[in-house]
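Just so we're aligned: the sequence shown equals residues 227 to 671 in this note's numbering.
Virtual Cβ for every residue (Gly too), placed ideally from N, Cα, C.
I have placed the structure first, in the form of structure tokens, so that the comments after it can refer back to it.
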Amino acid sequence: MPSAMKIAIVDDERDMRQSISQWLALSGFDTETFASAEDALKQLGPDYPGIVVTDIRMPGMDGMQFLRRLMGSDSTLPVIMITGHGDVPMAVEAMRLGAFDFLEKPFNPDRMTELAKKASQKRRLVLDARSLRRDLSDGSTLMKKLIGTSPAMERLREDILDLGQADGHVLIEGETGTGKTLVAHALHAAGNRAGRNFVTLSCAAFEEDALARRLFGPVESCDNRLPAVEEARGGTLVLEDVEALSDTVQARMLTALNEEGTPPETRIVAISNMQDEGRTCEDALRPDLFYRLASLRLTVPPLRARGEDILTLFIRFVEQFAEDYGCDAPQVSAQEATQLLQAPWPGNVRQLFNIAERAVLQARRGTGTLTSLLMSDHEDMQPVMTTEGKPLKEYVEAFERMLIDNTMRRHKGSVQAVMDELCLPRRTLNEKMAKYALSRADYLG
Numbered sequence: 227m228p229s230a231m232k233i234a235i236v237d238d239e240r241d242m243r244q245s246i247s248q249w250l251a252l253s254g255f256d257t258e259t260f261a262s263a264e265d266a267l268k269q270l271g272p273d274y275p276g277i278v279v280t281d282i283r284m285p286g287m288d289g290m291q292f293l294r295r296l297m298g299s300d301s302t303l304p305v306i307m308i309t310g311h312g313d314v315p316m317a318v319e320a321m322r323l324g325a326f327d328f329l330e331k332p333f334n335p336d337r338m339t340e341l342a343k344k345a346s347q348k349r350r351l352v353l354d355a356r357s358l359r360r361d362l363s364d365g366s367t368l369m370k371k372l373i374g375t376s377p378a379m380e381r382l383r384e385d386i387l388d389l390g391q392a393d394g395h396v397l398i399e400g401e402t403g404t405g406k407t408l409v410a411h412a413l414h415a416a417g418n419r420a421g422r423n424f425v426t427l428s429c430a431a432f433e434e435d436a437l438a439r440r441l442f443g444p445v446e447s448c449d450n451r452l453p454a455v456e457e458a459r460g461g462t463l464v465l466e467d468v469e470a471l472s473d474t475v476q477a478r479m480l481t482a483l484n485e486e487g488t489p490p491e492t493r494i495v496a497i498s499n500m501q502d503e504g505r506t507c508e509d510a511l512r513p514d515l516f517y518r519l520a521s522l523r524l525t526v527p528p529l530r531a532r533g534e535d536i537l538t539l540f541i542r543f544v545e546q547f548a549e550d551y552g553c554d555a556p557q558v559s560a561q562e563a564t565q566l567l568q569a570p571w572p573g574n575v576r577q578l579f580n581i582a583e584r585a586v587l588q589a590r591r592g593t594g595t596l597t598s599l600l601m602s603d604h605e606d607m608q609p610v611m612t613t614e615g616k617p618l619k620e621y622v623e624a625f626e627r628m629l630i631d632n633t634m635r636r637h638k639g640s641v642q643a644v645m646d647e648l649c650l651p652r653r654t655l656n657e658k659m660a661k662y663a664l665s666r667a668d669y670l671g
């Protein structure tokens, strides 16, 4: 559940700005008021998480000057102008300069709310897109999203950093839900193409002719996009479900790759889910294309091979959903932690993410258990779990690490608070944190 967008209300008349603020607050907005444009400009930066409602006629800097300053700082910021009688020509000029819309006094409060909602929706889309672009150009941000301390994830991160610096095309393989597209993003961000175009195309989402047009053109007259190979030129083109390419499209793709030469101007990252079907990508593609796309290869590990990463991810997801839904995060018992570790996870991280959300919703209602959720997703799972196939010591250590990690994060690194809650002396806590490679510095703030 996204947080409420802010609305900055700028009006030199105290009664007017308070009236607008109260009305919009009742509609669920987070409002803040300013008596002058000069005061507002001190607070409104280019990434302001909301919109602006401003009067046009104000002493000092008027609404039109204010609008020009705002558009110069962030041309996508929605600004709703409030006009008096006879100011409509000025409001039309404001729209030309980039204002979102205008309201003429006396205005209908419901109309104000309607405009505020539309402007806020537009603003949220812009800010989300900016955040995504920053993530895609920041390799360190993306690497942090590849959560886990298991040997499999450590190797994957090292491989991404190595292959990110190379020029060759890459084939990413792995089961459904393991995060292959996120790995493709990280590869792009870790290399010298970071900041250039990154285009993702699902090969299974189009019929053969439509896919060929989307890849190579010609584009439809109503489509304002370039063909994907042109759109991604100089950057990265990600082909999801690459095994869905028909023989005809494979031949055209091979021709396009041959024309690029070596090193290629555009890097192709092919993603395959063929492991789910017991076949390989090599079985589905013509050999000459396969060996071009698979000059470099990455395999994303399944969740069941990542050990206690399962608990780390689950706790992160649960806390994220608890914050979104405004409730306390459910606590995980030792038995539930064991069940999480033993579950087969055919849907991998995506399945774990979904179960975490359902666990939070259950806990908010005060019904159900994590065990029941796991059993409904894994029909072959038994209610009473055993430690068959894995030493009991490993389950105990995984649960112990999860418990310390979770408690440290809740208390923001307060060692005394963690000692009190877990009834551990300082020396024992320090020894266990060292054993599990947990650092207090990671929890501060």
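Any idea what DSSP makes of residue 629, helix, strand or coil? In the structure shown, residue 629 falls within a helical segment according to DSSP collapsed to helix, strand and coil.
Please say whether residue 566 and residue 537 have beta carbons closer to each other than 8 Å? Going by C-beta atoms, residue 537 is nearer than 8 Å to residue 566.
Do residue 324 and residue 297 have their beta-carbon atoms positioned less than 8 Å apart in this structure? Contact flag set, yes.
Which residues bound the beta strand (DSSP E) around residue 232? For residue 232, the enclosing beta strand (DSSP E) has its first and last residue at 232–236.
Between which two residues does the alpha helix (DSSP H) harbouring residue 245 extend? For residue 245, the enclosing alpha helix (DSSP H) stretches over residues 240–252.
Whole runs of the alpha helix (DSSP H) within the region 300–380, excluding any shorter than 4 residues: Within the region 300–380, the complete alpha helix (DSSP H) runs of at least 4 residues fall at 314–323, 335–363 and 365–371.
For residue 523 versus residue 399, is the C-beta spacing smaller than 8 Å? Yes, they are a contact pair.
Nearest candidate by alpha-carbon position, reference residue 346, set 234, 661, 550 and 476: Residue 346 has its Cα closest to that of 234, out of 234, 661, 550 and 476.
Can you tell me the Cβ-Cβ gap for residue 629 and residue 645, rounded? I've got them flagged as a contact below 8 Å. 13 Å between Cβ atoms; not a contact.
If you compare alpha carbons, which of 278, 437 and 485 is closest to residue 344? Ranking 278, 437 and 485 by CA distance to the CA of residue 344 puts 278 first.
So within the region 452–494, which uninterrupted alpha helix (DSSP H) runs reach at least 4 residues, ignoring any that extend past its ends? If we require 4 residues or more, the alpha helix (DSSP H) runs fully inside the region 452–494 come out as 454–457 and 473–486.
Cut-off 6 Å between Cβ atoms - residues of its own chain near residue 612, not counting five sequence neighbours on either side: The pLDDT assigned to residue 612 is 38, lower than 50, so where the model puts this residue is not dependable, and the model offers no usable value.
With DSSP as the reference, label residue 276 as helix, strand or coil. Note: residue 276 maps to strand in three-state DSSP.
Taking the runs of the beta strand (DSSP E) that are 3 residues or longer, which of them lie wholly in the region 411–440? Runs found: 424–428.
The alpha helix (DSSP H) enclosing residue 567, as first and last residue numbers: Note, residue 567: alpha helix (DSSP H), 560–568.
In DSSP terms, what residue 498 is bridged to: According to DSSP, which records beta bridges pairwise, residue 498 is partnered with 399.
Tell me residue 256's beta-bridge partners as DSSP assigns them. Here residue 256 is bridged, per DSSP, to 232.
What is the DSSP secondary structure of residue 654, counted as helix, strand or coil? Residue 654: helix per DSSP, three-state reduction.
So residue 273 and residue 349 are supposed to be a Cβ contact under 8 Å. How far apart are they, rounded? Between residue 273 and residue 349 a beta carbon distance of about 10 Å is seen, past the 8 Å cut, so the two are scored as non-contacting.
Residue(s) in a DSSP beta bridge with residue 525: DSSP output for residue 525 lists 399 as bridge partner(s).
Name the DSSP bridge partner or partners of residue 281? Residue 281 is bridged to 308.
For residue 568, count neighbouring C-beta atoms within 10 Å of its own C-beta (all shown protein chains included) and say buried if the count is 16 or more, exposed if not. Here residue 568 is buried. Its C-beta has 16 or more other C-beta atoms within 10 Å.
Just verifying my parser: in three-state terms, what is the DSSP assignment at residue 661? Correct three-state label for residue 661: helix.
Residue 396 to residue 638, Cα distance in whole Å? So the alpha carbons of these two residues sit roughly 40 Å apart.
Would you call the CB atoms of residue 412 and residue 373 closer than 8 Å? Contact: no.
Determine, using beta carbons only, whether residue 521 and residue 467 come nearer to each other than 8 Å. Cβ distance not < 8 Å, so residue 521 and residue 467 don't count as in contact.
Pairs of beta-carbons, one from the region 238–247 and one from the region 309–321, closer than 8 Å: are there three or more? Verdict: no, contact absent.
Are the CB atoms of residue 382 and residue 558 within a distance shorter than 8 Å? Result no, Cβ atoms of residue 558 and residue 382 do not sit closer than 8 Å.
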